[in-house]
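Engineer: Questions regarding the structure given below will be posed in turn.
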Amino acid sequence: MASIRELHTQLIKKERSAVEITQEALDRIQALEPQLHSFLCITAEKALQQAQEVDAKIASGEEIGLLAGIPIGIKDNMCTKGILTTCASRILENFVPPYESTVTQKLAEAGAVMVGKTNLDEFAMGGSTETSAYQITTNPWDLSRVPGGSSGGSAAAVAAEECVVALGSDTGGSIRQPASFCGIVGLKPTYGLVSRYGLVAFASSLDQIGPFARTVEDAAILLNAIAGYDPKDSTSLKVDIPDYTASLKADLKSGRKLKIGVIKETFGEGLDPVVEQAVTKAFDQLKNLGAEIHFISCPRFRYGLPSYYVIAPSEASANLARYDGVKYGYRAPEADNLLSMYTRTRAAGFGAEVKRRIMIGTYTLSAGYYDAYYLKAQKVRTLIKQDFEKAFEEVDVLACPTAPTTAYKVGEKTTDPLSMYLVDLMTIPVNLAGLPGISVPCGFDDKGLPIGLQLIGQVLREDQLFQVAHAYEQSTTWHLRKPELLS
Ligand code: GLN
């Protein structure tokens, strides 16, 4: 499948119709889903209807935006009015939202064609998409491996060209890590840049919606469409949104020399040598493109993981209290009193990982433990933020691997949650500090599995991330490689 701009040109030149493009995506979905399982629901009828509307506009000579007629996948934790939104949880197995999330509303207004809702770890808790209550999504580069998570369905769908772009959500790495595992681009925007209205809450101070795409330009186009102030989200930022595609240039040579800081602490124990080699080469390439490479220390970076696993479960335990079988979602049958209805509903409705988080969060927020755990974790969060602030006094953009390894085998880490948590070591601090981060393909290991380079920006400097990522991407061929599945 072509890029957004190429498809747009085909549409306005009337070489292809939006219905044809949508049908191509739907055919691909039909062909690959038995192996990939990236979608929880496919909205073919609605998609074709949306595509017809775009075609009608083109026929009547109306101007269309870049996203009009472009097939897109939406992670199934974003509310879509009249369409099942399950969060990959049994507890929401029958939940049809009566309202639309701001991001999907904006995309519909831009004429984008939603082809379906994508699979995720239950309530976005996980890093492999294996905690979904419904199905396990596989990695298009190797069907015996995980696509990463929690937005694994969206990442796999884009990598396998079941859609052109997709939305994911990132609380601790859930866009960047699956983008890295699936060989595509994924961006977590600055906290507050994209509205969370209608995003089912996991950890509200960390959650952020962002784009998946096969190229940096496509990701920038998608961010253009979803970013912006929303009065329905109290944490939404009132800022002017630039045109993110304006910062895309072939190299980094014009203007002041761009300083990129490599985070020292991300190298060493636990980092796969193949990943280290690939990102080190990427740093050389960025230097060739005109950037200045510095080595920077973020000494408290490594405390990100432990503080995240106090803060995120704490917030989750509060957010998930609403699933009690009363107002909506699954309700356990045959309970003889209210308390037993609650407990049976939650026992049957939530999976093991979600229960683990609720229990940890309830514990860390309890009287007597709050100061020792939650408050301490919040203080560590501030220290991590300060490390970033200090680093950004010296450099413009920070760089490190997105994940310490490439995609692992399905089932490899399911019995050891800690080993799964460790994979997010490099992405989590970015959420704790509310900064933007992007993952861009930077190589393949000897098994042909993709490797991702993470670039971290200052608050609201998505433009710089796109600039660096695009210049890098255009000077390499990683993004042109396709999984064998597509040949
Ligand atoms: N893997 C991390 C977790 O399990 C991050 C998830 C996310 O970003 N949604 O919490």
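Residues 339 to 825 in my numbering are what the sequence shown lists, from first letter to last. Beta carbons are placed, not taken as given, at the ideal position from N, Cα and C, and that holds for glycine.
(1) What are the start and end residues of each continuous alpha helix (DSSP H) run of 4 or more residues lying completely inside the stretch 513 to 537, in chain order?
(2) Assuming L824 and D480 are in contact, meaning their beta carbons sit under 8 Å apart, how far apart are those beta carbons, in whole angstroms?
(3) Any heavy atom of ligand 1 inside 7 Å of the beta-carbon of A650?
(4) Please determine if the stretch 701 to 711 and the stretch 727 to 742 are in contact, where contact requires at least 3 C-beta pairs separated by less than 8 Å.
(5) Taking contact to mean at least 3 C-beta pairs separated by less than 8 Å, is the stretch 806 to 823 in contact with the stretch 773 to 784?
(6) Using the C-alpha atoms, what's the distance from A462 back to A471?
(7) According to the Cβ coordinates, are P767 and G608 closer than 8 Å?
(8) Is it buried or exposed, N432, if we count other Cβ atoms within 10 angstroms and call 16 or more buried?
(9) Can the beta-carbon of V806 be found closer than 8 Å to that of T528?
(10) Whole angstroms is fine: what's the gap from P774's alpha carbon to L370's?
(11) Which residues share a DSSP beta bridge with T418?
(12) Nearest-angstrom Cα distance between A333 and I408?
(13) Could you pull the start and end residues of the beta strand (DSSP E) that Q792 belongs to?
(14) Report the residue ranges of all beta strand (DSSP E) runs contained in full by the stretch 760 to 788; include only those spanning at least 3 residues, in chain order.
(15) Within its chain, find whatever has a CB closer than 8 Å to the CB of A656; leave out the 5 residues flanking it on each side and keep chain order.
(16) Taking 7 Å as the limit between beta carbons, can you name the residues of its chain near S574, skipping five residues before and five after?
(17) Terminal residues of the continuous beta strand (DSSP E) containing L505?
(18) DSSP on N657, reduced to helix/strand/coil?
(19) Per the contact definition of three or more C-beta pairs closer than 8 Å, is the stretch 539 to 552 in contact with the stretch 483 to 502?
(20) Measuring alpha carbon to alpha carbon, tell me which of K395, L374, A539 and D578 ends up nearest S482.
(21) On a Cα-Cα basis, can you pick out the residue from N769, N626, S341 and A705 that is closest to I513?
(22) Quick one, are the C-beta atoms of M416 and L544 less than 8 Å apart?
(23) As an exercise, report each continuous beta strand (DSSP E) stretch of at least 3 residues that is fully enclosed by the stretch 438 to 517, in chain order.
(24) Using the beta-carbon count (16 or more within 10 Å), is Y437 buried or exposed?
(25) Measure from the alpha carbon of Y666 to the alpha carbon of each residue in M452, L430 and R640, then state which is nearest.
(26) Between the beta-carbon of D754 and the beta-carbon of F639, is there less than 8 Å?
(27) Between D571 and Y535, how many whole angstroms is the CB-CB distance? I'm expecting something under 8 Å.
(28) Is it buried or exposed, T418, if we count other Cβ atoms within 10 angstroms and call 16 or more buried?
(29) Compare the beta carbon distance of E614 and F621 with 8 Å and say whether it is the shorter of the two.
(30) If you run the structure through DSSP and keep just helix, strand and coil, what is K597?
(31) Which first and last residues belong to the beta strand (DSSP E) in which K413 is found?
(32) Under 7 Å from any heavy atom of ligand 1, does the C-beta of F540 make it?
(33) Examine the Cβ distances between the stretch 658 to 674 and the stretch 717 to 724 and report whether three or more of them are shorter than 8 Å.
(34) Which two residues bound the contiguous alpha helix (DSSP H) that contains H375?
(35) Quick one: using the 10 Å Cβ neighbour count with 16 as the cut-off for buried, is S398 buried or exposed?
(36) Do you know offhand how far K413's Cα is from Y680's?
Structural biologist: If we stick to the structure as given:
(1) 514 to 520
(2) With a Cβ gap of about 13 Å, L824 and D480 do not count as contacting.
(3) yes
(4) No: the two stretches stay apart, fewer than three of their Cβ pairs being nearer than 8 Å.
(5) yes
(6) Distance between the alpha carbons of A471 and A462 is about 12 Å.
(7) no
(8) exposed
(9) Going by C-beta atoms, V806 is not nearer than 8 Å to T528.
(10) 32 Å
(11) Partner(s): I421.
(12) Absent from the model: residue 333. The displayed extent of the chain is 339 to 825, so no value can be given.
(13) P788 to I794
(14) 775 to 782
(15) G699 and L703, listed in sequence order.
(16) When the five nearest sequence neighbours on each side are left out, the beta carbons in the same chain lying within less than 7 Å of the beta carbon of S574 are those of G530, S533, Y567 and D568, in order along the chain.
(17) Element bounds for L505: V503 to S507.
(18) helix
(19) These segments touch.
(20) Closest by C-alpha distance to S482, out of K395, L374, A539 and D578, is L374.
(21) N769
(22) no
(23) Entirely contained in the stretch 438 to 517, the beta strand (DSSP E) runs reaching 3 residues are, in chain order, 451 to 456 and 503 to 507.
(24) exposed
(25) L430
(26) no
(27) 5 Å
(28) buried
(29) Between E614 and F621, the C-beta gap is not smaller than 8 Å, which leaves the two residues out of contact.
(30) Looking at K597 - three-state DSSP - the assignment turns out to be strand.
(31) P409 to K413
(32) Checking the Cβ of F540 against ligand 1 gives yes.
(33) no
(34) Segment: none, H375 is in no alpha helix (DSSP H) and carries neither H nor E.
(35) exposed
(36) 28 Å
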